[in-house]
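Numbering (my numbering), first residue to last: 833 to 1153. Here is the structure we will look at.
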Ligand SMILES: [Zn+2]
């Protein structure tokens, strides 16, 4: 609580340190002051206030002040360090605003910095130390700022699974991530078009195709084993065409282990799909402005495992053929 309080205090949207804690927090911190409840004027039976004030106070020994709560100095130091970093980031944000630049993501200049920011945000999430996605005190100002435009530094192509929320997973506030979600994280034409819009018009620096453990869409495709799924679900099979055939099956592995291999392979293959289907993305990758990479999110640990795309053997050759 103290830690959150510190962060909330130091992370004001204008980069200023707010000296006073929020009222509800202050109430918790203050020592309890014994005070007689004043009678309501609507209750005639009660003695009048003046009389009550004049009444002799029974003599008693003064109540000892409660001992101050023990402070975990390590956590406090960590919270202070984070708050300091955040205050500095907020100051930069304000400077950018003063120059009438786009509000967020502007400090990230290339794919390496974008990836580093995602890794760092995921580390905070895994450790239970989210910062950027916790700054509720900034919400109104941030919304106003973002009406001027957006500059999301990363595109996340991920699954619709309710257990994934990329803003939490990478600890990023509004305006930082451009997200495309489809069960099985298989981008269709509109999905690829959305990626193109983000990298071409919004300046996103990295495209992460994020699969996850225990993916129901992949499991359904694997279990159907070629037999058509009902309704429109067949389209998952079409989008993952070739996945089962290209995932090596080890006779010693369990079904769960095999599913993990499928999930990784699918993330790699779908990242390749983005490249194969988009000349715009391929061009930006070739000149080093954008990086496309697959990744898998672990539901249990919260950790994102970043993977690499295999190096293309020949120009134009795709991995999923
Ligand atoms: Zn899924």
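Beta carbons: idealized from backbone N, C-alpha and C, even for Gly. Note that the structure is predicted; figures quoted are calculated from it, not measured.
Express the C-alpha separation of residue 989 and residue 1013 in angstroms, rounding to a whole number. 6 Å
Within a Cβ cutoff of 7 Å, which residues of the same chain sit near residue 942, ignoring the five residues on either side of it in sequence? 1037
I'd like the ranges of any alpha helix (DSSP H) spanning at least 4 consecutive residues and lying wholly in the region 1042-1069. 1048-1056
Does at least one heavy atom of ligand 1 sit under 6 Å from the Cβ of residue 993? yes
Cβ-based neighbour list, residue 1004, same chain, cut-off 7 Å, excluding 5 preceding and 5 following: 953, 964, 965
Quickly, what does DSSP pair residue 988 with across the bridge? List them, please. 1011, 1040
In this structure, how does DSSP classify residue 1132 when only helix, strand and coil are distinguished? coil
Please confirm whether any heavy atom of ligand 1 lies closer than 6 Å to the CB of residue 1018. no
From 974, 1076, 1134, 945, pick the residue whose C-alpha is nearest to that of residue 1056; which is it? 1076
Is the beta carbon of residue 1190 less than 7 Å from the beta carbon of residue 974? Beyond the ends of the chain as shown, which are 833 and 1153, falls residue 1190; an answer cannot be given.
Tell me whether residue 1049 counts as near ligand 1, meaning its Cβ is closer than 6 Å to at least one heavy atom of that ligand. yes
According to DSSP, residues forming a beta bridge with residue 1124: 1039
State buried or exposed for residue 968, treating a residue as buried only when at least 16 other CB atoms are found within 10 Å of its CB. exposed
Burial state of residue 940, where buried means 16 or more other Cβ atoms lie within 10 Å: buried
Enclosing alpha helix (DSSP H) for residue 1101 [first to last residue]: 1087-1109
Does DSSP put residue 1138 in a helix, in a strand, or in coil? strand
Chain-order list of residues whose beta-carbon lies under 7 Å from that of residue 1025 (same chain, five-residue window excluded): none
Identify, in the order they occur along the chain, each residue of the same chain with its Cβ nearer than 8 Å to the Cβ of residue 1133, setting aside the five sequence neighbours on each side. 958
Assumed close pair residue 1051, residue 1009 - CB separation to whole angstroms, cut-off 8 Å: About 26 Å; that fails the 8 Å criterion.
For residue 1071 and residue 1017, what's the separation of their Cα atoms in angstroms? 9 Å
Report all residues from its chain with a CB closer than 7 Å to the CB of residue 1061; omit the five preceding and five following residues, and keep chain order. 1052, 1068, 1069
Between residue 944 and residue 1121, what straight-line distance do the alpha-carbon atoms span, to the nearest angstrom? 10 Å
Would you please state the rounded distance, in angstroms, between the beta carbons of residue 1099 and residue 1126? I believe it to be under 8 Å. 4 Å
Proximity below 7 Å, CB of residue 1015 to CB of residue 1046: no
Let's see if you can read the secondary structure: which residues bound the alpha helix (DSSP H) around residue 954? 943-958
Measure the alpha-carbon distance for residue 1117 versus residue 1020 and round it to whole angstroms. 20 Å
Cβ shell of residue 987 (< 6 Å), same chain only, five flanking positions each side left out: 1010, 1027, 1030, 1036, 1039
Beta-carbon proximity of residue 1043 to residue 1085, cut-off 7 Å: no
Using 7 Å as the threshold, is the C-beta distance between residue 1107 and residue 1128 below it? no
Neighbourhood of residue 1131 by C-beta, 7 Å cutoff - its chain only, sequence neighbours within 5 removed: 995, 1044, 1045, 1046
Enumerate in chain order the residues of its own chain whose CB-to-CB distance from residue 836 is below 6 Å, with the five nearest sequence positions on each side excluded. Residue placement at residue 836 is flagged as unreliable, the pLDDT there being 43, under the threshold of 50; the coordinate-derived value follows with that caveat. Contacts found: none.
To the nearest angstrom, report how far apart residue 1001 and residue 985 are at their CA atoms. 15 Å
If you check the beta carbons only, do residue 1103 and residue 1041 fall under 7 Å apart? yes
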